[in-house]
Amino acid sequence: MGPAIVWFRRNLRLDDNLPLDAALRGHDGVVPVFVLDDHYLTADFSPPRLRFLSESLAELESELAAKGSRLLVRKGPAGEALASLARETGADAVYSHLDHEPHGTQLSRAVEAALAAQGTKLRLLPDLHLVLPSSLRTEAGKPFAVYTPFARRWRETDKALPVPAPAHVPTPPAVLDSRFPSIPRSRPRGLRAEGAPANPAGGGREGRRLWSVFRGAALERYGDGRDFPGVAGTSRLSPHLRFGTVGIRRLLAEAKAGWKEADAEGRRSIDVFVGELAWREFYASLLAAFPRVLSESFRPEFERFPWVEGEEAAERFAGWRDGRTGYPIVDAGMRQLAHEGWMHNRVRMVVASFLTKHLLVDWRRGEALFRERLADGDPASNNGGWQWAAGCGTDAQPFFRIFNPVLQGERFDPDGAYVKKWVPELATWKSAGKNLHAPWRASTPPADYPAPIVDHATARAKALAAFATLRAAR
Ligand SMILES: Cc1cc2nc3c(=O)[nH]c(=O)nc-3n(C[C@H](O)[C@H](O)[C@H](O)COP(=O)(O)OP(=O)(O)OC[C@H]3O[C@@H](n4cnc5c(N)ncnc54)[C@H](O)[C@@H]3O)c2cc1C
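In terms of our numbering, the sequence shown opens at residue 1 and continues consecutively.
What follows is the structure, encoded as structure tokens:
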């Protein structure tokens, strides 16, 4: 049997990699490749993500070299690149993972067609999720559109166990020869390690380090700790899950391993953590079943919502984007996003709610900015999170529940560790006291920090009035 091509996409690791494992079982040798498609060069594919991808590929390259193999990099389009590589190596099959996102599905189809024309098979295996997106159905045979029943079924569903990394990755000698064509990772123009030093670092080694720190110090207190942005209470694994530098089956198995020995709080926390992994799978399923949500509100009536437009929307959006709304928790979140390319989940909910409900700016603008700035930018979770916060999605936070950013700050950042870190004007403000989350209430507000862009009570009333127009139009 000839060699097989292993096409790495969003599973940039050797451990717990089902396509690689299957290729090695069925073939004498494998040809690992990453295809630099134009997709990576679009504006959407942000600098923090490029940096993460570039670092992850560099590490994969050296891991493969240590196992006696090599990572080839070819320029896209993927169909042509893979078909050509199959001809050059005599490979009769290409192994990769299933991808249920609209872009991924399209790409798989194009590759399948290009390969089929020359008799090469494309074998796609589940590798990004624990349960295949959109495979679970309600009693009525419909895709789930509510999280709780989805999660119940998801928890009951059998899940594959992790597979170990291979000891050796046999690769045809001709491919190992340095003259065998492969473009440098840094070309064409897009794949430079851009991004800022504070952006999440890529590669499986860093993913395993984060996981080990989190497991040791925070997993068994995650139930409560995950809500406090000022403490290291969450795993920060989101970009690693996005690029697959850490295997999802490995993560689940290790998260559950400590369950028996844990105390009641530890067990609850592990369950909550697994529930968050289920949120990721819920949103992936939702996007697979309803690809229209990428551009439309899940609830059709929200397509008539009177979002502010024109100059006013642009001004409000800019104040929010630049972290100058005058609400400390919102500004801290937006500044963390700009600086790190990552934001804490509690604060993502608060800033998204603020943009859509306090400022009445269309959720799509916020979603696009997140996509542009986040290292973990994930079409399904980002869209799901935004539509949840805006009240127009499945399972959404009802529109009339409007987060009060002052109370959110006081409750989840009680000592101000988070806002002081990201908003230095507040860290140096001498008379902060109990007004840290509402500086305008102080007799001497900080001189260099903006006054609130909108008044909470007035904005809330306007949001409810706007929402009422939807009901009236029913
Ligand atoms: C408006 C908004 C936009 C978001 N955009 C994204 C995005 O683009 N990419 C992304 O990965 N997550 C997104 N999320 C979900 C969540 O905020 C992040 O996954 C989480 O903050 C990542 O931090 P962590 O790895 O420390 O999470 P942990 O708390 O350690 O959770 C572990 C993993 O579970 C998954 N997860 C946790 N919470 C959620 C959730 N609410 N929804 C879906 N998956 C979850 C993530 O994969 C995460 O890495 C968004 C949430 C909101 C409210």
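Cβ atoms here follow ideal geometry from the backbone N, Cα and C, with glycine treated the same way.
Could you please give the first and the last residue of the uninterrupted alpha helix (DSSP H) stretch that includes residue i?
i: residue 273; result: 264-289
i: residue 103; result: 102-116
i: residue 213; result: 204-217
i: residue 351; result: 345-353
i: residue 401; result: Careful: residue 401 lies outside any alpha helix (DSSP H) and carries neither H nor E.
i: residue 175; result: 173-176
i: residue 363; result: 363-373
i: residue 48; result: 47-66
i: residue 297; result: No alpha helix (DSSP H) contains residue 297, which DSSP labels as neither H nor E.
i: residue 1; result: No alpha helix (DSSP H) holds residue 1; DSSP gives it neither H nor E.
i: residue 455; result: Segment: none, residue 455 is in no alpha helix (DSSP H) and carries neither H nor E.
i: residue 183; result: Careful: residue 183 lies outside any alpha helix (DSSP H) and carries neither H nor E.
i: residue 256; result: 248-257
i: residue 40; result: Neither: residue 40 is in no alpha helix (DSSP H) and is coded neither H nor E.
i: residue 320; result: 310-321
i: residue 238; result: 238-243
i: residue 225; result: 222-225
i: residue 157; result: Unbroken run through residue 157: none, as it is neither H nor E.
i: residue 167; result: Looking at the DSSP string, residue 167 is not in any alpha helix (DSSP H), and its letter there is neither H nor E.
i: residue 339; result: 328-340
i: residue 84; result: 78-89
Tell me where the beta strand (DSSP E) around residue i begins and ends.
i: residue 5; result: 4-8
i: residue 32; result: 30-36
i: residue 93; result: 93-97
i: residue 125; result: 121-125
i: residue 24; result: First-last for residue 24: 18-26, but that is the alpha helix (DSSP H), not the beta strand (DSSP E).
i: residue 72; result: 72-75
Could you tell me how far apart the beta carbons of residue i and residue j are, in whole angstroms, since I believe they sit closer than 8 Å?
i: residue 33; j: residue 20; result: So it is not a contact: roughly 12 Å between Cβ atoms.
i: residue 71; j: residue 53; result: About 13 Å separates the two Cβ atoms, so there is no contact after all.
i: residue 343; j: residue 389; result: That pair is no contact at about 13 Å.
i: residue 126; j: residue 97; result: 7 Å
i: residue 470; j: residue 317; result: 22 Å between Cβ atoms; not a contact.
i: residue 453; j: residue 325; result: 5 Å
i: residue 403; j: residue 353; result: 4 Å
i: residue 129; j: residue 248; result: 6 Å
i: residue 383; j: residue 294; result: 6 Å
i: residue 81; j: residue 75; result: 6 Å
i: residue 423; j: residue 300; result: With 8 Å as the limit, residue 423 and residue 300 do not qualify as a contact, their Cβ atoms being about 39 Å apart.
i: residue 381; j: residue 202; result: 18 Å between Cβ atoms; not a contact.
i: residue 256; j: residue 166; result: At roughly 24 Å, the Cβ-Cβ gap does not stay under 8 Å, so residue 256 and residue 166 are not in contact.
i: residue 215; j: residue 254; result: 7 Å
i: residue 374; j: residue 341; result: 6 Å
i: residue 478; j: residue 13; result: Residue 478 lies beyond the range of the chain shown here (1 to 474); nothing can be said about it.
i: residue 464; j: residue 400; result: 6 Å
i: residue 29; j: residue 171; result: 6 Å
i: residue 100; j: residue 288; result: 4 Å
Please confirm whether residue i has its beta-carbon closer than 8 Å to some beta-carbon of chain B.
i: residue 87; result: Here there is only one protein chain, and chain B is not present.
Fill in: Segment contact flag, the segment 281-291 with the segment 116-135, C-beta cutoff 8 Å, min 3 pairs
In short, these stretches touch, since the Cβ pair count reaches three.
Worksheet item: Are there three or more Cβ pairs, one per stretch, closer than 8 Å when the segment 143-157 is compared with the segment 38-56?
Response: No, the segment 143-157 does not touch the segment 38-56.
Worksheet item: Is the segment 140-151 touching the segment 97-109, taking contact as three or more C-beta pairs under 8 Å?
Response: Contact between the segment 140-151 and the segment 97-109 is absent, because fewer than three Cβ pairs lie under 8 Å.
Fill in: Contact the segment 322-342 vs the segment 363-382: 3+ CB pairs below 8 Å
Below 8 Å, enough C-beta pairs join the segment 322-342 and the segment 363-382 to call them touching: three or more.
Discussion item. Under 8 Å, with one C-beta from each stretch per pair, do the segment 212-220 and the segment 394-411 reach the 3-pair mark?
Written reply: Inter-segment contact for the segment 212-220 and the segment 394-411 is absent: fewer than three beta-carbon pairs are separated by less than 8 Å.
Worksheet item: What runs of the alpha helix (DSSP H), each 4 residues or longer, lie entirely inside the segment 378-438?
Response: Fully enclosed alpha helix (DSSP H) runs of no fewer than 4 residues occupy 379-390, 405-412, 417-422 and 424-427 of the segment 378-438, in order along the chain.
Fill in: the segment 307-314 in contact with the segment 430-446 per 3-pair CB rule at 8 Å
Not touching, per the Cβ criterion.
Worksheet item: Between the segment 88-95 and the segment 210-217, are three or more C-beta pairs nearer than 8 Å?
Response: No, because fewer than three Cβ pairs between the segment 88-95 and the segment 210-217 fall closer than 8 Å, the two stretches do not touch.
Worksheet item: When the Cβ atoms of the segment 221-236 are set against those of the segment 265-272, are three or more pairs found closer than 8 Å?
Response: Three or more beta-carbon pairs separated by less than 8 Å link the segment 221-236 to the segment 265-272, which places the two stretches in contact.
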